[in-house]
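Down below is the structure, laid out as structure tokens.
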Amino acid sequence: MNLSFITAPFGFVLGTIIGSFLNVCIYRLPREESIIFPGSHCPKCNSPIKWYDNIPIISYLLLKGKCRYCGEKIPPIYPLVELLSGLLTAGIFFRFGISFDSFYYSILTWFLIVISAIDIKELMVPVKPCYIVMVLGILLSPFTHSVSLIDSILGASLGAGIILFIIESYFIFRNKEGMGYGDANIMAVIGAFLGWKKVFFVIFFASLIGAIVGIIFIISGKDSESPLPFGPFLAIGGYLTIFLGDLLLKFYLGG
């Protein structure tokens with residue numbers, strides 16, 4: 009029996025539950041507020057949200073996207089984050105089953121969702137969460153089947169180093185900032201979880217997707233000088249590399 013069809017639904021439910029917490033992180037981290045206290049509440053009337061109004065996706069539909077107490081509209085980004093977290097986590101558990109690696113890569117996936125949403129909304133990347141998750145990735149790496157402690161440390165260093173090199177080189181030749189230093193923090197986290205060998209695939213995917221989106225923006229008449237956050241592209245590249253990294257390494261090494 010293929011247990012993937014059992015583990016994937018488990019991953020989806022877990023992902024949607026975590027997705028509810030990710031919404032709290034996305035809202036509070038840029039404001040430097042605690043993500044623990046106070047509990048979930050309506051940002052307009054400050055009424056605490058009861059557990060039965062905090063069921064991922066379902067509560068939003070039952071409440072018709074409004075606060076039970078004041079009627080304030082709840083942005084659709086909340087159920088979308090929960091749904092995205094559920095789907096991406098389901099993909100991880102489908103691939104790795106019920107294992108430590110599934111929880112390990114799920115942590116990276118949840119981080120990438122949060123940091124991408126913040127980068128898109130605020131055009132900034134908070135440093136402290138990146139540092140905490142990077143250290144967590146390094147500390148947990150010896151317990152995985154695919155990343156050693158040395159690979160993790162080198163991955164964090166190489167990931168950040170490559171982005172910093174690109175940032176400084178662009179500034180030297182163009183005399184203006186092309187990427188933000190927050191992108192180096194994101195790559196440090198991704199490198200810590202995936203190892204140094206897969207860093208190059210992440211940057212390749214991110215650059216390819218970024219170039220495609222940039223071309224679409226130009227064709228559609230968007231202002232070419234408008235800032236385009238690169239964090240989400242790194243996030244997509246990181247998630248794709250979780251699934252394709254080993255295959256690409258075998259192909260590259262002639263396996």
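For the record, in the sequence shown the residue sitting at position 93 is 101 according to our numbering, with numbers rising by one throughout.
Note that beta-carbon positions come from the ideal geometry of N, C-alpha and C, so glycine has one too.
Does the pairing of the stretch 18 to 31 with the stretch 94 to 104 give three or more beta-carbon distances under 8 Å? yes
Please return the same chain residues whose Cβ sits closer than 6 Å to the Cβ of V32, not counting the five positions on each side in sequence. By 1-based counting over the sequence shown, the position of residue 32 is 24. Once the five neighbours on either side are set aside, the close Cβ partners of V32 are I43.
Please say whether I174 and L242 have beta carbons closer to each other than 8 Å? Stepping through the sequence shown from its first residue, residue 242 is reached at position 234. Stepping through the sequence shown from its first residue, residue 174 is reached at position 166. No, the pair does not count as a contact, with Cβ atoms beyond the cut-off.
Residue environment, P235, which counts as buried when at least 16 other CB atoms sit within 10 Å: Residue 235 sits at position 227 when you count from the first residue of the sequence shown. Under this definition P235 is an exposed residue.
So S160 is in the alpha helix (DSSP H); what residue range does that whole segment cover? Locating residue 160 in the sequence shown gives position 152, where the first residue counts as 1. Counting along the chain, the alpha helix (DSSP H) containing S160 begins and ends at L157 to R182.
Helix, strand or coil: how does DSSP classify P276 here? No answer is possible for residue 276: it lies beyond the span of the chain, which begins at 9 and ends at 263.
May I ask you to report which of helix, strand or coil DSSP gives K72? Along the sequence shown, one-based indexing puts residue 72 at 64. Coil.
Considering only DSSP beta bridges, list what H153 is partnered with. The count along the sequence shown starts at 1 and reaches residue 153 at position 145. DSSP, once it has assigned bridges, lists no residue as partnering H153.
Between the stretch 145 to 153 and the stretch 165 to 181, do three or more beta carbon pairs fall short of 8 Å? no
Grouping DSSP H, G and I as helix and E and B as strand, with all else coil, what is M9? Reading the sequence shown from its first residue, position 1 is the one you call residue 9. Legend: pLDDT at M9 = 43, less than 50; position of this residue unreliable, value from coordinates given subsequently. Per DSSP, reduced to three states, the secondary structure at M9 is coil, with no helix or strand assignment.
Ignoring anything shorter than 4 residues, give me the alpha helix (DSSP H) runs that lie fully in the stretch 201 to 249, in order along the chain. As far as the stretch 201 to 249 is concerned, its whole alpha helix (DSSP H) runs of at least 4 residues are 207 to 227.
For S149, count neighbouring C-beta atoms within 10 Å of its own C-beta (all shown protein chains included) and say buried if the count is 16 or more, exposed if not. For the purposes of this step, residue 149 is taken as residue 141 along the sequence shown, with counting starting at 1. Only buried fits S149, as 16 or more other CB atoms lie within 10 angstroms of its CB.
Work out the CA separation of M187 and F29 for me, nearest whole Å. Counted from its first residue, the sequence shown places residue 29 at position 21. Counted from its first residue, the sequence shown places residue 187 at position 179. Each residue's alpha carbon lies about 29 Å from the other.
Start-to-end residues for the alpha helix (DSSP H) that takes in C50: Taking the sequence shown and counting its residues from 1, the one referred to as residue 50 is at position 42. That residue, C50, is in no alpha helix (DSSP H); it is neither H nor E in DSSP.
Contact between the stretch 109 to 123 and the stretch 137 to 148 is defined here as three or more beta-carbon pairs at a separation below 8 Å; is this criterion met? When Cβ pairs closer than 8 Å are counted between the two stretches, the stretch 109 to 123 is seen to touch the stretch 137 to 148, the count reaching three or more.
Buried or exposed (CB count within 10 angstroms, at least 16 for buried), Y112: On the sequence shown, residue 112 is found 104 positions in, with the first residue counted as 1. With 16 or more other Cβ atoms within 10 Å, it is buried.
Beta-carbon separation of P237 and L92 under 8 Å? Reading the sequence shown from its first residue, position 229 is the one you call residue 237. Reading the sequence shown from its first residue, position 84 is the one you call residue 92. Between P237 and L92, the C-beta gap is not smaller than 8 Å, which leaves the two residues out of contact.
With distances taken between CB atoms, is the gap from V133 to G222 smaller than 8 Å? Within the sequence shown, the letter at position 125 stands for residue 133. Within the sequence shown, the letter at position 214 stands for residue 222. No, these two residues do not count as a Cβ contact at 8 Å.
Would you report the Cα separation of M9 and P56, rounded to the nearest angstrom? Along the sequence shown, one-based indexing puts residue 9 at 1. Along the sequence shown, one-based indexing puts residue 56 at 48. With a pLDDT of 43 at M9, under the threshold of 50, the modelled position of that residue is not reliable, and the figure given next carries that caveat. Between M9 and P56, the C-alpha separation is close to 44 Å.
Since K129 sits in a beta bridge, which residues does DSSP pair it with? Translated into positions along the sequence shown, residue 129 becomes position 121. Answer is none; K129 lacks a bridge partner.
Taking the alpha carbon of G199 as the reference point, which residue from H49, I82, C53 and T249 has its own alpha carbon closest? As a working mapping, residue 199 is identified with position 191 in the sequence shown. Comparing Cα positions, the closest option is T249.
Among K205, D61 and G27, which has the Cα closest to the Cα of G167? Along the sequence shown, read from residue 1 onward, the residue named residue 167 stands at position 159. Measuring from the Cα of G167, the nearest candidate turns out to be K205.
Could you check the C-alpha separation between G105 and G94 for me, to the nearest Å? Along the sequence shown, read from residue 1 onward, the residue named residue 105 stands at position 97. Along the sequence shown, read from residue 1 onward, the residue named residue 94 stands at position 86. Their backbone Cα atoms lie some 15 Å apart in a straight line.
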